[in-house]
Amino acid sequence: MGPAYIRAVQSHIPEATLVFDHFHIIKLFNEKLTKLRRDLQREAENGLGKPVLKGIRWLLLKHPDNLDDTRNERQILAEALKLNEPLATTYYMEEELRNIWHQPDKTAPQKALDEWVKKAAASNINMLKQFSKIIAAHRSGILAYFDFNGLWF
Numbered sequence: 135m136g137p138a139y140i141r142a143v144q145s146h147i148p149e150a151t152l153v154f155d156h157f158h159i160i161k162l163f164n165e166k167l168t169k170l171r172r173d174l175q176r177e178a179e180n181g182l183g184k185p186v187l188k189g190i191r192w193l194l195l196k197h198p199d200n201l202d203d204t205r206n207e208r209q210i211l212a213e214a215l216k217l218n219e220p221l222a223t224t225y226y227m228e229e230e231l232r233n234i235w236h237q238p239d240k241t242a243p244q245k246a247l248d249e250w251v252k253k254a255a256a257s258n259i260n261m262l263k264q265f266s267k268i269i270a271a272h273r274s275g276i277l278a279y280f281d282f283n284g285l286w287f
């Protein structure tokens, strides 16, 4: 999704369709989520908030299906999210973003993506507002994924 990559493709293969896959979008979102968690950790004033936020980085990045119940990861994550509304909102917005790639038909992702962008832009969280602009700017390439998913050349 980098500008240099986009320019290179457009100048050397102008007939190519740019496709942005979910892996790279979620990876970028996770980088932004990690920065948000660090910023919130620094801002935490009470003794309870800081240790809980400090120990949850990997739990935030794990897919919810991969949380280990034998290690109480689901409970630890839920506790941390309960203590910090911006972090919880961002975490659940990531899940909504992931779900865009699991829509039942070809038109549903477009609606889901547009709704996600509106919701993120309307939030009070700068990271989500900024990321909504990134997603909106790359909308056609994200939706092109659904035109080419499953095709092998």
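Under the working numbering, the first residue of the sequence shown is numbered 135, with each subsequent residue one higher.
In this text, a Cβ means the ideal position worked out from N, Cα and C, and glycines have one as well.
Note that the structure is predicted; figures quoted are calculated from it, not measured.
Practice prompt. Would you check if the region 150-164 and the region 268-285 touch, i.e. whether three or more CB-CB distances between them fall below 8 Å?
Written response: Judged by Cβ distances under 8 Å, the region 268-285 makes contact with the region 150-164, as three or more pairs qualify.
Discussion item. Whole angstroms are fine: how far does the CA of THR223 sit from the CA of LEU217?
Written reply: In the sequence shown, residue 217 corresponds to position 83, counting from 1. In the sequence shown, residue 223 corresponds to position 89, counting from 1. When rounded, the distance between both Cα atoms is 12 Å.
Worksheet item: Does the Cβ-Cβ distance between ILE234 and LEU215 come in under 8 Å?
Response: Numbered from its first residue, the sequence shown carries residue 234 at position 100. Numbered from its first residue, the sequence shown carries residue 215 at position 81. No, they are not a contact pair.
Item to complete: Could you pull out every unbroken beta strand (DSSP E) segment of at least 3 residues lying fully inside the region 194-246, listed in chain order?
Response: Listed in chain order, nothing qualifies, since the region 194-246 has no complete beta strand (DSSP E) run of 3 or more residues.
Worksheet item: Hey, how far is the Cα of ALA212 from the Cα of SER145?
Response: If you number the sequence shown from 1, residue 212 lands on position 78. If you number the sequence shown from 1, residue 145 lands on position 11. Rounded to whole angstroms, ALA212 to SER145 spans 47 Å at the Cα level.
Fill in: Spatial neighbours of TRP286 in its chain, beta-carbon cut-off 8 Å, leaving aside the 5 residues before and after
Here residue 286 corresponds to residue number 152 of the sequence shown, with the count starting at 1. Low confidence applies here, because TRP286 scores a pLDDT of 44, under 50, leaving its location unreliable; read the following figure in that light. So the list is empty, once near-sequence residues are dropped.
Item to complete: Tell me, to the nearest whole angstrom, how far the beta carbon of LEU277 is from that of PRO238; I am working on the premise that it is less than 8 Å.
Response: Start at 1 with the first residue of the sequence shown, and residue 277 comes out as number 143. Start at 1 with the first residue of the sequence shown, and residue 238 comes out as number 104. With a contact defined as Cβ atoms closer than 8 Å, LEU277 and PRO238 miss out at about 15 Å.
Fill in: Buried or exposed by the 16-neighbour rule on C-beta atoms within 10 Å, applied to ILE269
Residue 269 sits at position 135 when you count from the first residue of the sequence shown. Around the beta carbon of ILE269, 16 or more other beta carbons sit within 10 angstroms, so the residue counts as buried.
Item to complete: Could you spell out where the alpha helix (DSSP H) holding LEU260 opens and where it closes?
Response: Stepping through the sequence shown from its first residue, residue 260 is reached at position 126. For the sequence presented, residue 260 should be read as Asn rather than Leu. Counting along the chain, the alpha helix (DSSP H) containing ASN260 begins and ends at 260-271.
Worksheet item: Taking Cβ to Cβ, would you say ALA271 is nearer than 8 Å to LEU262?
Response: Here residue 271 refers to the residue found at position 137 when the sequence shown is read from its first residue. Here residue 262 refers to the residue found at position 128 when the sequence shown is read from its first residue. For ALA271 and LEU262, no; Cβs fall outside 8 Å.
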